[in-house]
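Student:
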Amino acid sequence: MAIEDFAFLIPLLPALAFVVTFFFGKKMYSGGALIPIGAIALSCIISILITINLLQNPEEVVHQSIHWFAILNLGILIDPLAAVMLSMVTFVSLLIHIYALGYMSHDPGKARYFAETALFTAAMLGVILSDNILQLFICWELVGLCSYLLIGFWYQKPSAAAAAKKAFLTTRVGDVMFLTGIIVLFSGIFKIYNGNLPEGVYVLQFSEMFNLIPQLSAMHTTILGFEVSQLTIITLLFFGGAVGKSGQFPLHVWLPDAMEGPTTVSALIHAATMVTAGVYLVARTFPMFMGAPDALIVVAYVGGFTALFASTMGIVMNDIKRVLAFSTISQLGYMMLGLGMGAVVGMEAVGVSMFHLINHAFFKALLFLCAGSVIHSVGTQDMRQMGGVGKIMPITFITMLVASLALAGFGIPGTSIGTSGFFSKDAIIETTYLFAEHTGNYIPYIFGIVAALLTSTYIFRLLFMTFTGKPRTNYGGHESPSVMTVPLSILAVFALIFGVLTQTKFYHFLEVTFENSFVHVNIEHLAELGNYDLVHNPGHEPLFILWLPVIVGVAGLVISYLIYYKKVVDMSTIVSRNNPVYKLLYNRYYQHQIFIELIALKITYGLSLIGEFIDRKIIDGIIDGISDGTIAIGETIRKVQTGVVQSYATAVIAGVGLLIILLKLIVEVQ
Amino acid sequence: MISMPIVSLMILVPLIGAVLTLFSKIKEQTRIIALVSSLAPLVGALYMIMNFDSSTPAMQFVESFDWVPSLGILYKVGVDGIALPLVLLAAIVVPATIIYSWGEDKQPNQFFALILALEAGVMGVFTSLDFFLFYIFWELTLIPMYFLISIWGGPRKDYAAIKFFIYTHVASLVMLLGIFALYFAAWAQSGIPSFDIPYLLEQFQFLENTVLRDSIFLALLFGFLVKMPAVPFHTWLPDAHVEAPTAGSVLLAAVLLKMGGYGLFRVMLPMLPFTGSPKLMISILAFIGVLSILYGAMLALAQTDLKKMVAYSSISHMGYVTLGAAALVPLSVSGAMFQQFSHGLITCLLFMSCGAIQHIAGTRVIADLGGLAQKMPKLTVLMLFGFMASLGLPGLSGFVAEFMVLTFSYLTLPGYVLLALLGIVVTAGYHLWAMQRSMFGVLNEKLGHLHDITNYETISMGILALLVLYFGLNPSPVLDMMTTNAEQIVSLMALAGV
């Protein structure tokens, strides 16, 4: 039996682990944690074997499909794109699960915890290997459900319950756009076939969808006076879904609050099982984006802006996990920015962006688990109360240092020496430079470079504030147990060397994705539809451009060193309630006030109260008025009639009699 | 093989069960009789599902006898793809309600007897093929519900019961006028008196007077829309729900409302192409559908009583039925039918949850609750499951229905669908907000001693939850037969040249 025959087990095993742990976990060792760990380990092995097989035989794409209902199917598609995602998600999720054995050991609800994280993993795996857009959406929503359950894991905390709701609702806004995209897509396909969908073909499968790109791009609708192609509308709506799930501006507001769950949940959400789904969606449907240049530009701008915007907030947060949350938003912005560069580099944009996604997964999971290790030991999330933690937690410190270097993208250009983030983030920035060279538009490049400076600044600020200097409060604490530090070390190794090992191979592997799995996708033709030239030879940039990202990275380190280690500048003068810039950043540009208080509470709830008034006073008022009137008439009639039943019967008979006479008249007139 | 009058038995057994229950004096005996006589229709429904031919829109398991030949009244019952899923729904919901109400102490014999009488009436409505018979059963369902509210209801039960009765009764009378008008017009036209529904629907096409046709259509439509209920004819529903006992609410929302939707598919849609202005009628229906979806969702957000919120959510969800029906695309119509079936199952879970909270915590006012999850883990899981199903989580039955309605209605009514999509976020909003304030957060100490739901409640809600999951993953067993009939309904549009 070939390994592909076991592909369906990849999401199924964690799903079964959910069922078993949910119902029986309480009676088992450590809340039944070993069941999800075993299941995910098996899924991981299958995924890696399939990936290795694909590396050797790129044409052996796994594709299986069965009929579901009506005109829909359920299916599995594992091409290189899905394979690397599957391997990463199962691997990172496995390490986080093992780590959670230690981290959650004292929590009374750990059976529920492990059940839900298993489902979370299963749902994400479902997103990755769906062969059609509807199934992807279904799993996408399950991911949302699991995030709701896990962010609100400590449901007795009001803030956790509120954060869970906020996460679900904000991503739901994106989900509705995604769903609308599917609906518009379907109606487009329906029109292309003139209402006669071919028998036995599932039109929502990716391969079928991609075949229809030219026709979809030729269909135009006029919106507000602009003529827009159907394809642009669909891709923008899909991107709307991705904006919600991947925390892009302006739907990123849920992500910083999502810290209310256990830190391991944050690690899952930020690295493996949730926020990357949005980036993956764009990558999965990338041929459609290629045919819709306007949509790609929107992706680039939203991504670039988010990268910069989030990093500005990262530098003023005092909660260690919040800094990391803004970091994730910012890094996801980079990935979107990379995808948006498809306008000049074509399919390579998928490779560049996915490479960063995978690297980011390693170092971001590591950052969160390190933060968790610190929080677990020190008992606070506020960095102002830490300081000097490095002395008591050396392993945590070193691994977090490695992760920070990777995030800041340290390495030596022109050689193969560098952290994983160096290879992938710099690749994205280089692509934006190519874009700038090609189109004369330097805005995405500037977004990328400035965000890189801020990234390095906030992450080293975090390191200096947490691990160096003297303890600022009287916390106890010790290094975490090995069940936690071993996963940290493994992740640290990946964060350090994954880039070196895979950089060239990775792009090549992903580039063949759409060529092998969808034979009909013609990149050149898509580029023509999108009306741009593809730049095929990156890597000829001037030396300055290659070095600049590293230089700003070092600059960020130096700035943080001077301020937070050497204390050259007295922060208390800057960090004051009176500094308007600080206030603006610290209050996160007042998004909370705008989103929650204005839109959700004032407008929506206000409208619903108006509706309630209309319902009670006007509609019901009319009904009561009619009934009062009727009762008044009834009172009069009652003087004539003896009882209700008789009057009712009489009325019916009289009515029927009248009707007969009426009908007779009508018939006779005719 | 001698064919059993299976449909008639499904009406008769609950009726006999009701009489037996009424006269049994011992509580334990009462509820067992009730459960057994409600399980009989379930067996019958499952038997019919298994032996049903989904490939034809024709009536199956038909029984027909002359009743009043001189007036053309028949006793004629049977099922097709429109009726059978609803028969199954009623056959599932009633035993589940009886199990849920296992501990009922207040006059249990009357209580269970009324539930069974209601079941008989509902079965009759869904299977009657004669308009006269249909109307009798239609009215028969009103009386048990009236008593369920007025005897076992809350503080304002008298007001609610009488409002429910008069409101829906007025609607029934308007519908009756429509039925009679159709009957006499067809009689005058063909010279044959008949209440046979398919025959009358056919005769309707040939009525020459447009005003008459439109009046008949609107009269019947009014009767069905009030029952569903569609905005703006909905205000009886929240009051009835708030005062009704849990079992009454469950049956009202899960089964009685479905009679309105059933009328749309059985009577209104076949007539619609032959009205004076089908386009206008479609617009009216689509508008009412979208209005119900959005208005119901917004109003649900404003509610302070958990049960009232669920009542408004019913109005919102029934809007999908109207919208999908109005779109007249085969899969939108079958999606709307599936929404009826699915909502019937889901809403049971919601009302049962509200009932349990009322029973255990003593209040349903959301602001007075809080942190119940800490004391009621089982209820929390089942309630959250129901809420998720209600807000349209994929993998559960509600999503299948709403996805089908939205996707396929978009083909003919794109503007309306885009509006309806706005409701999805609000729907998620009121569900999660209510969940947050009632179940999560800090436990409200004023609630006193709390315990989790009983095993009977857990079992009945658990079964319903499993069914919601099952039909969400595998809708085909009921959806296929719905689609067959939906295709036939839509083909009438072409026949009429619309």
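From first to last, the protein sequence lines stand for chains A and B. For the first sequence, the positions run 1 to 670 when this note's numbering is used. For the second sequence, the positions run 1001 to 1498 when this note's numbering is used. Glycine included, every Cβ here is placed at the ideal spot set by N, Cα and C. Since the model is a prediction, treat every value here as computed from it, not as a measurement.
Just by C-beta distance, which residues in the stretch 105 to 129 of chain A are closer than 8 Å to chain B?
Tutor: From the stretch 105 to 129 of chain A, no residue has a Cβ closer than 8 Å to chain B.
Student: Looking at chain A, which residues of the stretch 1433 to 1453 of chain B have a Cβ within less than 9 Å of any of its Cβ atoms?
Tutor: Those would be W1433, M1435, Q1436, R1437, M1439, F1440, G1441, V1442, L1443, in chain order.
Student: Looking at the C-beta of F190(A), does it have a partner C-beta in chain B at a distance below 7 Å?
Tutor: Cβ-Cβ to chain B under 7 Å: yes for F190(A).
Student: Which same chain residues, not among the five before or five after H1481(B), have their C-beta less than 8 Å away from its C-beta?
Tutor: Just to set this straight, residue 1481(B) is Met in the shown sequence, not His. These residues qualify, in order along the chain: F1052, S1054, D1080, G1081, L1084, P1085.
Student: I'd like to know whether the C-beta atoms of L94(A) and C139(A) end up nearer to each other than 7 Å.
Tutor: Going by C-beta atoms, L94(A) is not nearer than 7 Å to C139(A).
Student: Where does N729(A) fall in DSSP's three states?
Tutor: There is simply no residue 729(A) to check, as chain A begins at 1 and stops at 670 in what is shown.
Student: Would a check of beta-carbon distances place G1178(B) closer than 7 Å to chain A?
Tutor: No, its Cβ sits nowhere closer than 7 Å to a Cβ of chain A.
Student: Less than 8 Å between the CB atoms is what I'm expecting for L369(A) and L488(A), so what's the real figure, rounded?
Tutor: About 6 Å separates the two Cβ atoms, so the contact holds.
Student: Taking only the alpha-carbon atoms, compute the straight-line gap between R472(A) and F363(A) and give it to the nearest angstrom.
Tutor: Going by the C-alpha atoms only, they are around 27 Å apart.
Student: In terms of DSSP beta bridges, what is V228(A) paired with?
Tutor: According to DSSP, which records beta bridges pairwise, V228(A) is partnered with T221(A).
Student: Closest to A272(A) by C-alpha separation, out of L366(A), M341(A), F190(A), would be which residue?
Tutor: Residue L366(A) is the option with its Cα nearest to A272(A).
Student: Beta carbons nearer than 7 Å to chain A: which residues of the stretch 1225 to 1239 of chain B have them?
Tutor: Going along the stretch 1225 to 1239 of chain B in chain order, one finds P1232, T1235 with a Cβ nearer than 7 Å to chain A.
Student: Does Y1199(B) come within less than 7 Å of chain A when only Cβ atoms are used?
Tutor: Output row for Y1199(B): interface = no.
Student: Quick check: V1400(B) and G1324(B), are their CB atoms within less than 7 Å of each other?
Tutor: Not closer than 7 Å, so no.
Student: At a Cβ threshold of 7 Å, is A70(A) touching chain B?
Tutor: Yes, contact with chain B.
Student: According to DSSP, is H67(A) helix, strand or coil?
Tutor: Note: H67(A) maps to strand in three-state DSSP.
Student: So, does the stretch 1201 to 1220 of chain B touch the stretch 1267 to 1286 of chain B, judging by three or more C-beta pairs under 8 Å?
Tutor: At 8 Å Cβ cutoff, the stretches touch.
Student: Going along chain B in order, which residues have a C-beta closer than 7 Å to the C-beta of G611(A)?
Tutor: Within 7 Å Cβ-Cβ: Y1295, M1298, L1299, A1302.
Student: When you compare the CB positions of I46(A) and I10(A), do they come within less than 7 Å of one another, or not?
Tutor: In contact: I46(A) and I10(A) (Cβ atoms closer than 7 Å).
Student: Measuring straight from C-alpha to C-alpha, what distance separates M1383(B) and N318(A)?
Tutor: Spanning the two alpha carbons is a distance of roughly 38 Å.
Student: Would P580(A) be called buried (16 or more neighbouring beta carbons within 10 Å of its own) or exposed?
Tutor: Counting Cβ neighbours within 10 Å, P580(A) comes out exposed, since fewer than 16 surround it.
Student: Going by Cα to Cα distance, which pick from L1391(B), I1216(B), S1037(B) is closest to I1099(B)?
Tutor: Ranking the options by Cα distance to I1099(B), first place goes to S1037(B).
Student: Could you give the DSSP three-state label for V554(A): helix, strand or coil?
Tutor: Looking at V554(A) - three-state DSSP - the assignment turns out to be helix.
Student: Between the C-alpha atoms of G1248(B) and H1241(B), what's the straight-line distance to the nearest angstrom?
Tutor: C-alpha separation (whole angstroms): 8 Å.
Student: Determine whether the Cβ of D284(A) lies closer than 7 Å to any Cβ atom of chain B.
Tutor: According to the sequence provided, residue 284(A) is Arg. The question's Asp does not apply to it. It does not; no Cβ of chain B falls within 7 Å.
Student: When the cut-off is 7 Å and only beta carbons count, does V20(A) lie next to chain B?
Tutor: With 7 Å as the cut-off, V20(A) does not count as an interface residue toward chain B.
Student: Where does N73(A) land, buried or exposed, given buried means 16+ other C-beta within 10 angstroms?
Tutor: N73(A) comes out buried.
Student: Just to check my reading of the structure: I428(A) and L296(A) have Cβ atoms closer than 8 Å, yes? What is that Cβ distance to the nearest angstrom?
Tutor: I428(A) to L296(A), Cβ: 15 Å. No contact.
Student: For the stretch 262 to 340 of chain A, which segments carrying the alpha helix (DSSP H) assignment without a break, of at least 4 residues, lie completely within its bounds, in sequence order?
Tutor: If we require 4 residues or more, the alpha helix (DSSP H) runs fully inside the stretch 262 to 340 of chain A come out as 263 to 267, 276 to 284, 286 to 290, 293 to 314, 320 to 340.
Student: Using three-state DSSP, classify W1138(B) as helix, strand or coil.
Tutor: W1138(B): helix per DSSP, three-state reduction.
Student: Under 7 Å Cβ to Cβ from F1274(B), same chain only, skipping five residues before and after it: list those, please.
Tutor: Hits under 7 Å: F1204, Q1205, R1213, A1496.
Student: Taking 8 Å as the limit between beta carbons, can you name the residues of its chain near G1371(B), skipping five residues before and five after?
Tutor: Taken in chain order, the residues that qualify are M1439, F1440, G1441, V1442, L1443, N1444.
Student: In three-state DSSP terms, what is N1109(B)?
Tutor: Looking at N1109(B) - three-state DSSP - the assignment turns out to be helix.
Student: So which residues on chain A does V1425(B) lean against when the C-beta distance must stay under 8 Å?
Tutor: Correct list: L169, R172, V173, V176.
Student: When burial is assigned at 16 or more other CB atoms within 10 Å of the CB, is Q230(A) buried or exposed?
Tutor: That one is buried.
Student: Answer yes or no: do V323(A) and L585(A) have a C-beta to C-beta separation smaller than 7 Å?
Tutor: Not in contact: V323(A) and L585(A) (Cβ atoms no closer than 7 Å).
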